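First residue of the sequence shown: 2, per our numbering; consecutive thereafter. C-beta atoms are modelled at their ideal positions from N, C-alpha and C, and glycine is treated no differently. In this text the structure is predicted, and so the values were computed from the model without any measurement. The block underneath contains the structure these notes are about, expressed in structure tokens.
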Amino acid sequence: MSTSTAAQTAEARHLLQVYGQLPLEATSAEGVYLHAGKRRIIDFYGGHAVAALGYAHPDLLAALEAEAKTMYFQSNAVALEVRAKAADALANLAPAGLSRVFFVNSGAEANENALRVACRATGRSRVLAIEHGFHGRTAAAAAVTWGAAKSWYGFPRTPFDVDFIPRDDSARASEMLNGETAAVIIELVQGLAGAYDLDEGFVRTVAEACRRTGALLIVDEVQSGVGRTGAPFAAHLYGVEPDMLTTAKALGGGFPCSALLMTDALAATLKTGDLGTTFGGGPMACALVSTVIHVIQRDLLMDNVRNLSAEIRKHAVTGPVEAVQGRGFLLGLRCRRPAKDIQAELLRRDILVGTSSDPNVVRLLPPLTLAKQHVAKLVSALCDIGH
Ligand SMILES: Cc1ncc(COP(=O)(O)O)c(C=O)c1O
């Protein structure tokens, strides 16, 4: 008997079959709920951490409609107030020193540009990344993604030399960084790896070694950025001052967009024509960036994230869960049993969670608008599942 949903069968007519999909036919969504027939499923996965304000948020819908009527699209060849406002909002939210913004369209594209800027600005050709990190699927971003070369990279060579620093190994980090290193790219909380939050001492060592050797520090906050950790960016929590920071997913609340932020010093190395994009910084995306940041601040959603994250930490070590890792609403539940099984059991109880590259870690990336009652439902479902 086939377990495919009707939508999966329809997709299979023409779409490449490159995704593992959930046995779930969602037809609409509102707040933190996905609707599947008569079922209302609490979305603790948030569409890969994108739905920061949940679904059908009135402010996002209003901003979409207003901007669509005002100017649906215009390229970077024309300066726009709406783009300037989005850049102001993002630069004000970002860690100190990151006052220059380049809007693009996806996490991988933001990282691709960051790595290009690093190689150009330093004139060096070796990049270090961290074991188990994920940075995207394009040529440069995938080159610094752990495990890609062995499984799906596919290009005959990488655009620069790459080495991976073992996670949390400060001694190796100090040895590996040298005058040939253009940059270190790092996810402070490794999302796909199961919301593994790197050791603060290790991160400090990497940052110091960057300063000592003239390598640039690129913090990838594609998944962790824009309030998800309970701070504007994980860099705030770790107290690091990156040379560049990339962010995406939550940034447009579901409208595709991403950004590369950098220091004035790095921005000064760039001139007209050095970087470019057609769609990046389009008015629709920019209207939503401003709205997402405004709503997060107005509704004190980072406080909500911190409070409910503490609740999850306190109560979710029950049933199959033996430990909780990560920060804010980028959390990993380490389970005694395979995460895939726990995901299926929770889905049967109308709770959607993610898995990760760690087979025993269930990943939680809920909307920042989640409420206490949703956490209670998760905890009671975990209890119900038992060991
Ligand atoms: C930390 C991190 N960097 C980069 C990416 C790539 O982003 P995108 O899929 O938008 O290209 C992802 C996507 O999951 C990510 O989690």
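By alpha-carbon distance to Glu-242, the top candidate from Ser-259, Val-223, Val-207 and Leu-16 is Val-207. Burial is judged here by how many other beta carbons sit within 10 angstroms of a residue's own beta carbon; His-15 has fewer than 16 and is exposed. Burial is judged here by how many other beta carbons sit within 10 angstroms of a residue's own beta carbon; Gln-22 has fewer than 16 and is exposed. In this chain, the alpha helix (DSSP H) harbouring His-316 covers 302-316. Between Arg-335 and Pro-321, the CB-CB gap reaches or exceeds 7 Å.
In the DSSP assignment, Gln-75 falls outside any beta strand (DSSP E) and carries neither an H nor an E.
Just so you know, the alpha carbons of Leu-379 and Asn-361 end up roughly 18 Å apart. If you check the CB distance, Ser-107 and Asp-162 do not come in under 7 Å. In this structure, the CA atom of Ala-236 is about 11 Å from the CA atom of Leu-99. Between the segment 300-315 and the segment 337-346 there are fewer than three inter-stretch CB-CB distances shorter than 8 Å, so the stretches are not counted as touching. Within its own chain, the residues whose Cβ lies closer than 6 Å to the Cβ of Arg-84, once the five positions on either side in sequence are excluded, are Gly-282 and Cys-287, listed in chain order. Residue environment: Thr-146 is assigned as buried (16 or more neighbouring CB atoms within 10 Å of its CB, all protein chains considered).
Counting only unbroken stretches of 3 or more residues, the beta strand (DSSP E) elements lying wholly within the segment 247-307 are 259-263, in sequence order. At a cut-off of 4 residues, the continuous stretches assigned as alpha helix (DSSP H) that sit fully inside the segment 216-242 are 235-239.
Relative to ligand 1, Gly-137 has its C-beta within less than 6 Å of a heavy atom. Rounded to the nearest angstrom, the gap between the Cα atoms of Thr-356 and Ala-122 is 38 Å. Residue burial is scored here from C-beta neighbours: Gln-374 has fewer than 16 other C-beta atoms within 10 angstroms and is therefore classed as exposed. Within its own chain, the residues whose Cβ lies closer than 8 Å to the Cβ of Leu-178, once the five positions on either side in sequence are excluded, are Leu-129, Val-185, Val-207, Ala-210, Cys-211, Arg-213, Thr-214 and Ala-216, listed in chain order.
Sixteen is the threshold: since fewer than 16 other Cβ atoms of the shown chains lie within 10 Å of the Cβ of Gly-277, the residue is exposed.
Under the three-state reduction of DSSP output, Val-204 falls in the helix class. Ser-29 counts as exposed, since fewer than 16 other beta carbons sit within 10 angstroms of its beta carbon. The continuous stretches of alpha helix (DSSP H) do not include Asp-351, and DSSP gives it neither H nor E. Ile-166 and Arg-173 have their C-alpha atoms some 7 Å from each other. Cα atoms of Leu-302 and Gly-32: separation of roughly 14 Å, rounded to the nearest angstrom.
Comparing alpha-carbon positions, the option among Pro-368, Thr-319, Ala-266 and Gly-137 lying closest to Met-245 turns out to be Ala-266. Residue side-chain check: Gln-326 keeps its Cβ at 6 Å or more from all non-hydrogen atoms of ligand 1. Burial is judged here by how many other beta carbons sit within 10 angstroms of a residue's own beta carbon; Pro-96 has at least 16 and is buried. Separation of the CB atoms of Phe-234 and Gly-226 is rounded to 5 Å, and the pair is thereby assigned contact status at 8 Å.
No Cβ-Cβ contact shorter than 7 Å links Ala-194 with Ser-310.
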